[in-house]
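Numbering (my numbering), first residue to last: 280 to 396.
The beta-carbon is built from N, C-alpha and C at its ideal position, and this holds for glycine as well.
What follows is a short report on a single structure.
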């Protein structure tokens with residue numbers, strides 16, 4: 280095997296290993312932000328973060344409440360805010376999955392083109 284063939288084989292093996300690895304959470308979020316509907320993803324991430332922080336603050340007050348009425352006063356909004364935060368996070372997952380699938384398709388397309396050359 281020549282040096283060029285070995286180098287090409289090593290490069291192809293490295294590319295195949297990188298395709299098998301799933302991207303990290305931050306890579307997926309950055310891909311969703313830079314996608315075509317990235318502005319909407321940014322707004323959803325900001326709103327989701329605000330809802331989570333507000334829900335966590337209300338939950339903190341719920342657990343430090345002294346009587347039942349004040350516990351209900353903070354517990355119900357905490358539950359609603361945290362559930363709303365979760366729903367917004369779940370709304371972003373399909374966009375991140377679609378972006379990851381598009382990246383894999385682009386890599387496969389590059390492999391096919393490299394195979395023809």
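Pairing residue 311 with residue 304 gives a Cβ-Cβ distance that is not under 8 Å. Taken through DSSP and simplified to helix, strand or coil, residue 303 comes out as coil.
Between the region 323-335 and the region 357-372, the count of Cβ pairs shorter than 8 Å is three or higher; the stretches touch. Residue 393 and residue 374 have their C-alpha atoms roughly 29 Å apart. The criterion of a C-beta distance shorter than 8 Å is not satisfied by residue 331 and residue 357.
Distance from residue 360 to residue 337 at the Cβ level is roughly 6 Å; contact confirmed, criterion being Cβ atoms closer than 8 Å.
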